[in-house]
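A short write-up of the structure that comes next.
In the UniProt record's numbering, the protein residues as written are 1 to 202.
Below you can see the structure in the form of structure tokens.
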């Protein structure tokens, strides 16, 4: 007895018993990896489109739609937004890691409204909604993970890359995303470390 799809199962679908059928087939020519027990498939997520009648294999199903971290973000109705890091200091040098909690400060050097002179007013703004943000990922100028670059350097592997952040992706609400985008185009962003968070990457 082996497991087959009783109907078409689109990618991303949580597999339920009604989608599965146990059928008797000859063992000759049957791949070793084919799933033969419903328990191994029920509750899993289809990683690819599975057509009616297809055998089920471990690589066609998994525990998550994308990965654990992205599934958690989607489940919590959060968004991802990437911000540019204008300097080494603004990105906390090479100390920032995925899972860290940060505040995003905005440096504004804009002309005062209604001021006829050319004077500008420099100020650092700490918006309440830009505090306590989780870092999803940190990339260097080549869009490489700075964590991977640091790991390669620690293992004494040859690497021409540096672990200095040039872009940081944050987990945010829709309102926080809008505020960050507005701030990026009207000022300069500076990250302030709050605490080392728990990375949800497994």
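Even glycine gets a Cβ: it sits at the ideal position worked out from N, Cα and C.
Asked, Found
"Any non-hydrogen atom of the ligand SAH closer than 7 Å to residue 121 Cβ", "Summarising the ligand content, the structure contains no ligands, and the ligand SAH is consequently not present."
"C-beta contact flag for residue 273 and residue 126 at 8 Å", "For the chain, the structure presents residues 1 to 202; residue 273 sits outside this window and is missing."
"Alpha helix (DSSP H) runs contained entirely in the UniProt domain \"SAF\" (2-62), provided each spans 4 or more residues", "none"
"Outcome for residue 163 when other beta-carbon atoms lying within 10 angstroms are tallied against a minimum of 16", "buried"
"Nearest to residue 72 (by Cα), restricted to the options 196, 92, 182 and 99", "99"
"Contacts around residue 17, its chain only, beta-carbon distance under 7 Å, and the 5 residues preceding and following it disregarded", "38 and 42"
"Three-way DSSP call (helix, strand, coil) for residue 196 in this model", "coil"
"Residue closest to residue 174, alpha-carbon to alpha-carbon, out of 77, 197 and 136", "77"
"Rounded straight-line distance, which links the Cα of residue 153 to that of residue 130", "32 Å"
"Residue 146 versus residue 2 - alpha carbon distance", "45 Å"
"Supposed contact pair residue 96 and residue 124 - C-beta distance, whole angstroms, cut 8 Å", "Not a contact, Cβ separation roughly 19 Å."
"Boundaries (first-last residue) of the beta strand (DSSP E) holding residue 167", "167-172"
"Residue nearest to residue 5 in terms of C-alpha spacing, selected from 179, 55 and 187", "55"
"Candidates 57, 51, 144 and 188, of which the one nearest residue 30 by Cα", "57"
"Beta carbon of residue 156 nearer than 8 Å to that of residue 149", "no"
"Assigned exposure category for residue 183 - 16 Cβ within 10 Å defines buried", "buried"
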